[in-house]
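K.L.:
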Amino acid sequence: MPNLQPIHTHEPRTLLPVRPETRGLDVTVRRAVPACDQDFKFVDRLQKAESDKVGFMWEKALRKRIDDGDLFIAEVAEDGKLFRGGYCLGVDRYMKQDHVGIIYQMAVLPEYRRSLVAASLLQARFDHSAYGTKLYCCWCKQSLEANRFWQAMGFVPLAFRASGRSNHNGRKKSKNGDSVHIFWQKRIRQGDAETPYWYPYETSGGSMMEGRVVLPLPPEVDWDQATPIVLPGAEQRAAETRQLEHKVAEIDAELKAAKKRQNRRDTGTAQVPNQPPAHAPRAVATPSFGVSLTDEPETAKPNTPEPRAVEPAETKRLRDQQAAAKAELKAAQRKNDPELVAYARELRDRWQEHVTASPQMLEHKYMPRYQISRLLGGHEPDQDGLPHTQIEALPKRRPHAA
245 MPNLQPIHTH
255 EPRTLLPVRP
265 ETRGLDVTVR
275 RAVPACDQDF
285 KFVDRLQKAE
295 SDKVGFMWEK
305 ALRKRIDDGD
315 LFIAEVAEDG
325 KLFRGGYCLG
335 VDRYMKQDHV
345 GIIYQMAVLP
355 EYRRSLVAAS
365 LLQARFDHSA
375 YGTKLYCCWC
385 KQSLEANRFW
395 QAMGFVPLAF
405 RASGRSNHNG
415 RKKSKNGDSV
425 HIFWQKRIRQ
435 GDAETPYWYP
445 YETSGGSMME
455 GRVVLPLPPE
465 VDWDQATPIV
475 LPGAEQRAAE
485 TRQLEHKVAE
495 IDAELKAAKK
505 RQNRRDTGTA
515 QVPNQPPAHA
525 PRAVATPSFG
535 VSLTDEPETA
545 KPNTPEPRAV
555 EPAETKRLRD
565 QQAAAKAELK
575 AAQRKNDPEL
585 VAYARELRDR
595 WQEHVTASPQ
605 MLEHKYMPRY
615 QISRLLGGHE
625 PDQDGLPHTQ
635 IEALPKRRPH
645 AA
């Protein structure tokens with residue numbers, strides 16, 4: 245999308261309708277088919293190629309999203325052939341909020357970018373949401389140009405949180421060293437100007453699996469100007485977490501070395517040269533040819549279970565230490581000061597009251613560029629006669645929101 249700057253004017257602006265025919269592309273959006281392995285492979289390759297931007301989802305979780313009907317794929321018709329151009333992964337229920345949906349991942353192939361393929365995917369996600377869904381949101385790294393896209397689509401930046409931190413090896417989980425995630429949100433019903441904006445005051449999921457306090461963006465601060473804030477006690481908790489991470493890493497290294505020693509002991513019991521093997525062939529008599537050799541043992545014991553290997557005491561001790569250290573690290577990562585969380589919740593509620601009373605504080609500052617919203621009455625054409633994105637008719641998924 246174009247590199248747009250925040251708008252600080254109250255003048256009305258003409259919205260451009262979503263045109264999937266832009267640049268001669270004919271875009272069709274459909275749900276990913278669980279039985280089609282090519283759909284999964286396409287999404288998996290694309291998310292791995294853009295992992296520094298969209299994150300990563302394991303195969304089991306990704307296949308479950310496909311089975312639930314939460315993943316949409318855009319197909320582009322060129323030269324009489326259909327090509328997969330991008331995908332959108334989202335659900336219409338976020339953090340137990342029935343009226344709020346979220347976009348987890350959205351990626352488009354480089355050759356189909358800036359052609360409104362992503363906008364077509366977004367519109368399909370809106371149109372196939374539950375009836376009560378009125379808001380859609382997403383988290384986006386502050387340094388990504390994708391923030392311009394969300395702004396052009398009519399999303400409003402509401403809040404921010406801390407991004408990834410260093411692990412026990414000192415490497416950043418993010419390649420570009422991001423420090424802030426921006427929380428964007430949009431009203432998806434056409435003409436809706438009453439639904440209050442909402443954001444979570446704390447998040448505890450994601451790849452970090454750690455509690456992070458979410459703070460609202462002040463009205464005078466743009467999304468690209470937000471800076472990380474060191475909360476009280478955060479440095480001490482980070483130091484304790486790093487110590488636990490070092491402890492887990494040391495135990496992992498000891499356990500790995502113990503397994504190597506055990507393998508060397510197991511493989512070091514080879515037979516000594518010039519000694520007959522433990523399983524030597526024996527001579528048996530045959531009716532017509534006298535004596536022959538056979539590899540069968542003298543006393544065969546069929547259906548005899550093999551003796552179960554006993555885990556060495558050293559390995560068992562290290563495994564117990566590893567489990568205890570990981571449990572301690574998990575508890576420390578999820579831990580957050582309850583008083584601080586309570587303050588963040590109260591701040592969110594007060595912010596929501598203030599913004600609901602003065603919605604123009606946000607809406608006139610970040611105005612959309614493209615007209616994309618949910619039409620409850622179906623896919624009627626726009627006022628200028630341009631059709632909406634084609635959405636392939638598929639069987640309804642089972643009736644649950646997420």
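Read in order, the letters of the sequence shown correspond to residues 245 to 646 in our numbering. Beta carbons: idealized from backbone N, C-alpha and C, even for Gly. These numbers were taken from a predicted model, which means no experiment stands behind them.
What are the start and end residues of the beta strand (DSSP E) that includes Ala363?
P.N.:
As a position in the sequence shown, residue 363 is number 119, starting the count at 1. Where Ala363 is concerned, there is no enclosing beta strand (DSSP E), although the alpha helix (DSSP H) around it starts and stops at Val361 to Asp371.
K.L.:
Can you check whether the C-beta of Val458 is within less than 7 Å of a C-beta belonging to chain D?
P.N.:
Protein chain content of the structure displayed is limited to a single chain, and chain D is not contained in it.
K.L.:
If you draw a straight line from the C-alpha of Asn413 to the C-alpha of Asp312, how long is it?
P.N.:
Position 169 of the sequence shown holds residue 413. Position 68 of the sequence shown holds residue 312. Unreliable placement is indicated for Asn413, whose pLDDT of 37 sits below 50; no coordinate value is reported for it.
K.L.:
Roughly how many whole angstroms lie between the Cα atoms of His656 and Lys574?
P.N.:
Outside the modelled stretch of the chain, which goes from 245 to 646, sits residue 656, for which no answer is possible.
K.L.:
Could you spell out where the beta strand (DSSP E) holding Tyr331 opens and where it closes?
P.N.:
For this step, residue 331 is matched to residue 87 along the sequence shown. Here the beta strand (DSSP E) through Tyr331 covers Lys325 to Val335.
K.L.:
Return yes when the Cβ of Val352 is within less than 7 Å of the Cβ of Ala363, no when it is not.
P.N.:
Working through the sequence shown from its first residue, we reach residue 363 at position 119. Working through the sequence shown from its first residue, we reach residue 352 at position 108. No; because the gap between Cβ atoms is not below 7 Å, this pair is not in contact.
K.L.:
Can you give the beta carbon distance from Lys378 to Ile432, rounded, assuming they're within the 8 Å contact cut?
P.N.:
Against the sequence shown, residue 378 aligns to sequence position 134. Against the sequence shown, residue 432 aligns to sequence position 188. Contact flag correct, Cβ pair sits at about 7 Å.
K.L.:
Under 8 Å: do the region 388-398 and the region 585-594 share three or more Cβ pairs, one atom per stretch?
P.N.:
no
K.L.:
When DSSP labels each residue in this structure, what does Val492 get in the three-state scheme?
P.N.:
Residue mapping note: residue 492 aligns to position 248 of the sequence shown, counting from 1. Here Val492 sits in helix by DSSP.
K.L.:
Taking buried to mean at least 16 other C-beta atoms within 10 Å of its own C-beta, is Arg594 buried or exposed?
P.N.:
Locating residue 594 in the sequence shown gives position 350, where the first residue counts as 1. By the 10 Å Cβ count, Arg594 comes out exposed.
K.L.:
Below 6 Å CB to CB, which residues in the same chain sit around Asn580 once its five sequence neighbours on both sides are set aside?
P.N.:
The sequence position of residue 580 within the sequence shown is 336, counting from 1. The answer, listed in chain order, is Gly455.
K.L.:
By Cβ distance, which residues of its chain are closer than 6 Å to Ser423, with the 5 residues on each side in sequence left out?
P.N.:
Counting from one through the sequence shown, the residue named residue 423 turns up at place 179. Excluding sequence neighbours, Ser423 sits near Ser407 and Pro472.
K.L.:
Does the Cβ-Cβ distance between Glu558 and Ala502 come in under 7 Å?
P.N.:
Within the sequence shown, numbered from 1, the residue matching residue 558 stands at position 314. Within the sequence shown, numbered from 1, the residue matching residue 502 stands at position 258. In terms of Cβ geometry, Glu558 and Ala502 form a close pair [threshold 7 Å].
K.L.:
Looking only at its own chain, which residues have a Cβ that is under 6 Å from the Cβ of Gly376, when we skip the five neighbours before and after it?
P.N.:
If you number the sequence shown from 1, residue 376 lands on position 132. Cβ neighbours of Gly376 beyond the five flanking positions: Asp342 and His343.
K.L.:
Going straight from the alpha carbon of Tyr443 to that of Asp296, what length do you get?
P.N.:
On the sequence shown, position 199 is the one that residue 443 refers to. On the sequence shown, position 52 is the one that residue 296 refers to. Their Cα atoms are separated by approximately 24 Å.
K.L.:
Evaluate Ser410 with the Cβ neighbour count: other Cβ atoms within 10 Å of its Cβ, from every protein chain shown; 16 or more gives buried, anything less gives exposed.
P.N.:
In the sequence shown, the residue the question calls residue 410 occupies position 166. In this prediction, Ser410 has a pLDDT of 42, which is less than 50 and means its spatial position is unreliable; what the coordinates show is noted afterwards. Exposed, by the Cβ-count rule.
K.L.:
Comparing alpha-carbon positions, which option in Lys430, Gln604 and Glu303 lies nearest Ile616?
P.N.:
Sequence index remark: in the sequence shown, residue 616 carries index 372 (1-based). Among Lys430, Gln604 and Glu303, the Cα nearest to that of Ile616 is on Lys430.
K.L.:
For a quick check, are the C-beta atoms of His425 and Trp467 less than 7 Å apart?
P.N.:
Working through the sequence shown from its first residue, we reach residue 425 at position 181. Working through the sequence shown from its first residue, we reach residue 467 at position 223. No, they are not a contact pair.
K.L.:
Counting only runs that start and end within the region 268-302, where is the alpha helix (DSSP H) found for 4 or more residues in a row?
P.N.:
281-293 and 295-298
K.L.:
Flag this pair as yes or no: are the beta carbons of Val273 and Leu365 separated by less than 7 Å?
P.N.:
Translated into the one-based positions of the sequence shown, residue 273 becomes position 29. Translated into the one-based positions of the sequence shown, residue 365 becomes position 121. Closer than 7 Å, so yes.
K.L.:
Taking Cβ to Cβ, would you say Glu319 is nearer than 7 Å to Arg309?
P.N.:
For this step, residue 319 is matched to residue 75 along the sequence shown. For this step, residue 309 is matched to residue 65 along the sequence shown. Not closer than 7 Å, so no.
K.L.:
Taking the alpha carbon of Lys570 as the reference point, which residue from Val400, Gln487 and Gly330 has its own alpha carbon closest?
P.N.:
Residue 570 sits at position 326 when you count from the first residue of the sequence shown. Comparing Cα positions, the closest option is Gln487.
K.L.:
Closest to Met605 by CA distance: which of Leu562, Glu355 and Glu464 is it?
P.N.:
Working through the sequence shown from its first residue, we reach residue 605 at position 361. Nearest of Leu562, Glu355 and Glu464 to Met605, Cα basis: Glu464.
K.L.:
Using a 10 Å radius around the Cβ and a threshold of 16 neighbouring Cβ atoms, would you call Asp283 buried or exposed?
P.N.:
In the sequence shown, the residue the question calls residue 283 occupies position 39. Flag for Asp283 reads buried.
K.L.:
Is it buried or exposed for Trp302, if we count other Cβ within 10 angstroms and need 16 for buried?
P.N.:
For the purposes of this step, residue 302 is taken as the residue at position 58 of the sequence shown. When all chains shown are included, Trp302 counts as exposed.
K.L.:
Going by DSSP, what residues sit across from Ala483 in a beta bridge?
P.N.:
Along the sequence shown, one-based indexing puts residue 483 at 239. BP columns for Ala483 are empty, so no partner.
K.L.:
Can you round the beta-carbon distance between Gly330 and Ile347 to whole angstroms, since I take them to be within the 8 Å contact cut?
P.N.:
As a first step, residue 330 is located in the sequence shown; it is residue number 86 there, counting from the start. As a first step, residue 347 is located in the sequence shown; it is residue number 103 there, counting from the start. That belief does not hold up - the Cβ atoms of Gly330 and Ile347 are roughly 13 Å apart, past 8 Å.
K.L.:
Compute the Euclidean distance between the alpha carbons of Arg415 and Gly435, then round it to the nearest angstrom.
P.N.:
Your numbering for residue 415 matches position 171 in the sequence shown. Your numbering for residue 435 matches position 191 in the sequence shown. With a pLDDT of 38 at Arg415, under the threshold of 50, the modelled position of this residue cannot be trusted; read the value that follows with caution. Each residue's alpha carbon lies about 46 Å from the other.
K.L.:
Which residues in the same chain as Ala483 place their Cβ atom closer than 7 Å to its Cβ, once the five residues preceding and following it in sequence are excluded?
P.N.:
Along the sequence shown, one-based indexing puts residue 483 at 239. Cβ within range, chain order: n/a, list empty.
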